[in-house]
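Accompanying notes for the structure given below.
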Amino acid sequence: MPSRSNDAAETARLAAGGLPIRREGNMIKMRKLKPYLPLYLMMIPCAAYLIVNNYMPMVGIISAFKSFKVSEGIFGSPWVGLKNFEYLFRSSDVATIVRNTLLYNGAFIIVNNVVGIVLAILITGIKSDRMKKWYQSSVLLPFTMSMVVISYVVFAFLSQQNGMLNNSLFKNNPVEWYNDPTWWPLILIVVNCWKYVGYGTLIYIAGISGIDRSLYEAASIDGAGKWKQIRSITLPALVPSIVTLFLLSIGRICYSDFGLFYLVPQNSGPLFDVTATIDTYVYGALMSPGGIGRSAATGLLQAVVGFVLVLLANAVVRRLSSKDAIF
Amino acid sequence: MLKKALSLSVASVLLASSLAGCAKNESGGSAAGSGSPSGASASASSSEAPYTVNFAYHAPKEGNQAEVNELINQLTMKDLNMKVKLIPITWDTYNSKMSLMLAAGEPIDISFAFAFSLPSFIDQGYIVDASKYAEYTKDIYEVMGDDVEAGHIGDMLAGFPMMNVRATPSGIFVRKDIFEALGHKASDFTVTTDDMSSFDQLTKLFAEVKAKYPDMTPFDGFRTFGLNTITYVDGLGDNFGVLENYGQTTKITNWYESEQFKKFAELNREWFTKGYASKDIAVDKELGQAKMKAGKTFAFFASYGANALTDVKSQTGYDTVLIPVSSKMKSTTAVNGALNVVLNSSADKAKAFQFLNWAYKSKEFNDLLNWGVPDKDWVVNKDGQADYPEGVTAATVNYHSDYGFIYPNQYLMTPWAGSPADIWDRYKKFDADALVSKAYGFTFDSSSVATEESQLAAVLAKYENSVSFGSVDPAKMLPKMNKELYDAGLQEVMDAKQKQLDDWLAKQK
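Residue numbers (this note's numbering), protein chains in the order written: chain A, 106 to 432; chain B, 365 to 873.
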């Protein structure tokens, strides 16, 4: 709105015989920017936050190549080249932790998105507005809980002494949950889905709400059933949201939710084969000499691989359907 | 126009609030610990602005030390013109919290640090060499005597040991009521490592408890034989290569391959499979004292001092019987198991050492840390000992630590009610007949094998708890564990250790 009135004012001024202002190029640029000034102002706090919190610490990346000593500071500490990276690859566990991180994240992306879409479709299909709100909130509730709390909820189920499962369903042949790795891939996927699915569901609900209702009316007049409507209208309309969420999660595929993998299995040693991820391993390394440099090295590696994967995934998406790519 | 004005004002409010956030953060550092205006006013007139010492200490639980902090401030303002900010850390959060606080560069002046984390802290340059500030710590040298030497690691004085009992034998604490109802006397039990089959007496006892009191868990708590290396072997700072048999040898061996460790693992395995130990024992990180306090636990394993029964009574609320399960050993680790260290993040290291020096000779300070606020959390009874005030119990008290050995000088503290009158003399005697490890005074400098140590720690994290508590079968897992330890470079660490020890021994002669 303000932009149009500004332009009008300028035109009026020129028409009234006012001198055209010199350095017109700059001026035009300024004029173009001016309407957005409030937006830029509003952006300052967030930008400042990003710069302070996300960009300035990037200087610390160099500690990945240093033997960090607090007394000498990041810049004063001696260079050690790639030695910090060596440690990660010399470890016999490296294959396990990389496999766990990637596979779990892959499973999380698929399960959370599929369940999220199904829930979103079901929730938007509810007639009563109040019930719709209720379901929506209850799906989102676990998202707001801390992993520490969740780890105790899980412990209440799985405790081998007093746990709910071993005292009801598995009463006759109790499972040593915290010793037996068999079940943990399933447990972790279920817990992760339970906690995080609400977030994606919310985005998909928003996506579905944005679809033009007349499409559904037209489809049902043409004799399309619910299933057909979902397949031919809802899902295609959701593709942009799916792609965005997918790309966001691909970027973090080398990271793992520390709380989920460390706290929920109670850091139990016999489960490490299926619960150790890059992050829990680095956390252990942080405790031992040289930890800072090694964690920085691993963090850098995770970020670089994540960055490359995002670029690749986006390139693939762009090739398949250019309008759905993020950039 | 209105819209424009509105958007501009919103933007400026946002901007202002973000700036306010910055300002607040900046002042946060200096405002820390200023929650005590009354204490500050006492000597605010002195010329120098009081320095605030950030003191990380072992707290009974977080969030209830404000009053204690206040009283400490009054003391330090009077004696030192300093203030103190207590930073609470608990046993179970030490591992996670300590390294993260250090990595984040939080401005801690002084902290207690366990021996096992010292090599890492030193390597990363967190710790100040205390020998460079000896002029400020004369009283500590006087209090500690030769034991100060145990604070040397490599060529630096990493910190000062706590003044407390040195020998840390271990025992099983059992509920007295049940123990006596079953018709037992403490003198019936002689459990000793000289005869490993003597440990079966405990198994029999637990079997009786299990049969008579099916509701009770006979054995629980997050400590057991195999984990408590400090009792049975001299680990020389870490557990990778130890001096077995209470340090009465000079040959470094692998504890996890020893006959003793295997026996312990098998014993715990038996308790676990027969249901004498809690099924969650290897994952539930609560200590036996807390478990017993909850009322369903018959026995737990713990190290003890001369005053153990009184301590356990005040920690659990139950009368207990102690069955000793080890000899007494005095090793470097037992002396420097926990050190008070001054950290490089300190803004004024001289002041920090001055404060620490004071902490080793102030009775009030040590009493406050351990027993809390006088007349509220404890009173001095007619015997001159500390006791709960009327109406206050172990369950309702606001602040009660009773871990005297983790504070600078336990021998200054007011003993808890029921302790013998000459308790601290007994403590000193308690040390006198302990077996002294052949490597007493030696600490391994692990910087040359740092990579191996971190790999070894990862292996240990995987196996140690489950094997020691018997939640997995030692016959299967123990060989696997040892294989992985050797793969991770155990032999290199042991060789380095042996070499340093031999050099040290040669110098002693």
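Yeah, the Cβ is synthetic: ideal placement off N, Cα and C, and Gly gets one too.
Predicted model, so just to flag it, every value in this text is computed and none were measured.
Counted as a single uninterrupted DSSP element, the beta strand (DSSP E) harbouring B/Y421 occupies residues Y415 to H422. B/N603 carries a coil assignment under DSSP once its states are collapsed to helix, strand and coil.
Listed as beta-bridge partners of B/L521 by DSSP are B/H516. Collapsing the DSSP output to three states places B/I645 in coil. In this structure, the straight-line span from the alpha carbon of A/V220 to that of B/G768 is close to 54 angstroms. When CB distances to chain A are screened at a threshold of 8 angstroms, the residues of the segment 791 to 820 of chain B falling below it are S810, S811, A814, T815, E817, S818 and Q819, in chain order. B/I770 and B/I542 have their alpha carbons spaced roughly 31 angstroms apart. Its Cα nearest to that of A/A381, the residue B/V823 stands out among B/V823, B/E817, B/A641 and B/F729. Residue range R318 to I326 is occupied by the alpha helix (DSSP H) that includes A/S325. With 16 or more other Cβ atoms inside 10 Å of its own Cβ, A/Y367 counts as buried.
Residues of the segment 577 to 610 of chain B with a Cβ closer than 8 angstroms to any Cβ of chain A, in chain order: T581. Residue contact with chain A for B/A822: present (Cβ-Cβ distance below 8 angstroms to some residue of chain A). Judged by DSSP in its simplified three-state form, B/R539 adopts strand.
Listed along chain A are G374, each with a C-beta nearer than 7 angstroms to that of B/Y827. At a cut-off of 8 angstroms between beta-carbon atoms, A/I310 makes no contact with chain B. Under the Cβ distance rule, A/F173 counts among the residues neighbouring chain B, one pair being separated by less than 8 angstroms. B/F537 sits buried, since 16 or more C-beta atoms from the chains shown fall within 10 Å of its C-beta. Where A/V410 is concerned, the enclosing alpha helix (DSSP H) starts and stops at G396 to L425.
At a cut-off of 8 angstroms between beta carbons, A/F190 makes no contact with chain B.
A contact is defined here as three or more CB-CB pairs under 8 angstroms, and the segment 645 to 659 of chain B fails this definition with respect to the segment 488 to 507 of chain B.
Counting only Cβ-Cβ distances below 9 angstroms, A/D362 has no contacts in chain B at all, with the closest Cβ about 16 angstroms away. Residue state for B/F480 is assigned as helix, using DSSP reduced to three classes. Your pair B/S783 and B/N632 does not check out as a contact, with CB atoms roughly 32 angstroms apart and the cut at 8 angstroms. For the set B/L566, B/M465 and B/A413, the Cα lying nearest the Cα of B/F419 is the one of B/M465.
Judged by their CB atoms, A/N210 and A/G305 are not nearer to each other than the 8 angstroms cut-off.
At a beta-carbon threshold of 8 angstroms, the residues of chain A lying near B/S835 are E281, Y283, N284 and P375, ordered along the chain. For A/D198, a Cβ of chain B is located within less than 8 angstroms of the residue's own Cβ. Excluding its 5 nearest sequence neighbours in each direction, A/I231 has C-beta neighbours in its own chain below 7 angstroms: K237 and Y240, listed in chain order. Below the 8 angstroms Cβ cutoff, chain A contributes no neighbours of B/Q438, its closest Cβ being approximately 33 angstroms away. When Cβ-Cβ separations below 8 angstroms define contact, B/D559 makes no contact with chain A. Closer than 7 angstroms at the C-beta level to chain B, one finds these residues of the segment 241 to 274 of chain A: S264, Q265 and Q266. For B/Q862, no Cβ of chain A is located within less than 8 angstroms of the residue's own Cβ.
Excluding its 5 nearest sequence neighbours in each direction, A/L350 has C-beta neighbours in its own chain below 7 angstroms: N218, G305 and I308, listed in chain order.
A direct Cα-Cα distance of roughly 21 angstroms separates A/I166 from A/L416.
At least one beta carbon of chain B lies nearer than 8 angstroms to the beta carbon of A/Q371. Residue range M446 to I453 is occupied by the beta strand (DSSP E) that includes B/K449.
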